[in-house]
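Just so we're aligned: the sequence shown equals residues 37 to 363 in this note's numbering. Here is the structure we will look at, set down as structure tokens.
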Amino acid sequence: MENVLVTGGAGYIGSHTCKALSQAGYQPVVLDNLVYGHDWAVKWGPLEVFDTSDSASVETVIKRYEPIAAIHFAAYAYVGESVTNPAKYYRNNVIGTMKLLDALYAGGVDKLIFSSTCATYGIPDGETISELQPQRPINPYGHTKLMVEQILRDYDAAYGLRSIALRYFNAAGADPHCEIGEDHNPETHLIPLVLDAAGGKRDNITIFGTDYDTPDGTCVRDYIHVTDLAAAHLLALEMLKNGNKTDAYNVGVGHGCSVREVIDAARRLTGKKIEVVEGERRPGDPPFLVAESNRIRDEFGWEPSYSSLDSIVETAWSWHQKHFIND
Ligand code: UFG
37 MENVLVTGGA
47 GYIGSHTCKA
57 LSQAGYQPVV
67 LDNLVYGHDW
77 AVKWGPLEVF
87 DTSDSASVET
97 VIKRYEPIAA
107 IHFAAYAYVG
117 ESVTNPAKYY
127 RNNVIGTMKL
137 LDALYAGGVD
147 KLIFSSTCAT
157 YGIPDGETIS
167 ELQPQRPINP
177 YGHTKLMVEQ
187 ILRDYDAAYG
197 LRSIALRYFN
207 AAGADPHCEI
217 GEDHNPETHL
227 IPLVLDAAGG
237 KRDNITIFGT
247 DYDTPDGTCV
257 RDYIHVTDLA
267 AAHLLALEML
277 KNGNKTDAYN
287 VGVGHGCSVR
297 EVIDAARRLT
307 GKKIEVVEGE
317 RRPGDPPFLV
327 AESNRIRDEF
337 GWEPSYSSLD
347 SIVETAWSWH
357 QKHFIND
């Protein structure tokens, strides 16, 4: 069985990708410091608990498992915190990644898939975003991801490390078989917070801004089911194995839902009353973040299967009840 090194494989998107890898016949070897990840989410291969910046330990793991490629999820991803504590973000997301790359190079691993983000685009010019849009991040988190994209292009040219950066839009939902799902601490994302309100863990959900220039005044996002996102990583791996050149792709569904639409879907699908507070805008939130995703569809043959808003909210709610209410 071929091994794939998965940094951050105990996290939300990482663990769903490990499941997809395992289903496709790979063994995911998870490297995670468990600062935000969960050991219960590592079910499909070994777990090595240390930091990606610990090059010596990463090299030892590479020698032991001889992975054919690496998928690099490990990063800090709280946009607000990246503004107040940028050092933490540049140190972990950029320097930590460079140290990982040193270890990959020393160990002869020459294929990498990298978690990038739509936050590298900043405030988009239009309502949808293609890969050709200028990348102008508006927070340190987005800058760290953009820096790594640049580093990866240079490392390919100089050292032959081929990579695919996937620029995620809003990952949401949970494994349809309810084995794993979202569990952030602290939680800041809309859908789990709305479900907290449905499940009685919080009194209400605050809508951050109702006066945007959008159809219902609330922000519009491209919610992509985490299982569809995981599938994109698997296709990226196959593309790299088949010689795909270093590149970056948007991974979104290509249509947006507003905050009010998400709340309405959650009310309908949970059958619960969800109280709303209309609050101020959250600084740094663009009105629209919606992908143009034709490149990944055309070049990888990727098609989302679970990314209707109903399927996202339904799977997230099943997970929420199992993990936060029944456990
Ligand atoms: N929102 C609320 N109330 C909340 C939480 C969120 O109204 O309590 C709104 C936000 O203002 C935003 C939408 O719901 O309009 C989605 O917010 P999330 O925090 O769930 O997601 P973001 O769009 O802010 O963040 C996502 C990714 C980040 C990435 C960012 C790019 O999760 O990793 O897109 O801007 F950096």
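Virtual Cβ for every residue (Gly too), placed ideally from N, Cα, C.
Under DSSP, residue 64 shares a beta bridge with 40.
Look at residue 318: its beta carbon is less than 8 Å from one of the heavy atoms in the ligand UFG. Boundaries around residue 153 are those of the beta strand (DSSP E), 147-153, since no alpha helix (DSSP H) includes it. In this structure, residue 257 sits away from residue 209, with a CB-CB distance that is not shorter than 9 Å. Nearest to residue 262 by C-alpha distance, out of 173, 70, 216 and 326, is 216. Taking 9 Å as the cut-off, the Cβ atoms of residue 98 and residue 140 count as close. Between residue 241 and residue 313, the CB-CB gap stays under 9 Å. Under the three-pair Cβ rule at 8 Å, the stretch 167-184 does not count as touching the stretch 217-228. Under DSSP, residue 202 forms a beta bridge with 151 and 285. Looking at the backbone, the Cα of residue 47 and that of residue 110 are separated by about 8 Å.
Not one heavy atom of the ligand UFG is found less than 8 Å from the C-beta of residue 303. Assignment of residue 214 by DSSP, reduced to helix, strand and coil, places it in the coil class. Between the ligand UFG and residue 244, a heavy atom-to-CB distance of less than 8 Å is present. Distance from the Cα of residue 275 is smallest, within the candidate group 231, 82, 201 and 310, for 201. The C-beta distance from residue 103 to residue 65 rounds to 6 Å, short enough to fall under 8 Å. The DSSP assignment places 147-153 as complete runs of the beta strand (DSSP E) inside the stretch 126-197, in order along the chain (cut-off: 3 residues).
Residue 234: member of the alpha helix (DSSP H) spanning 226-235, first to last residue. Distance between residue 80 and residue 266, taken at the CA atoms: about 14 Å. For residue 69, the closest C-alpha among the options 63, 90, 52 and 55 is that of 90.
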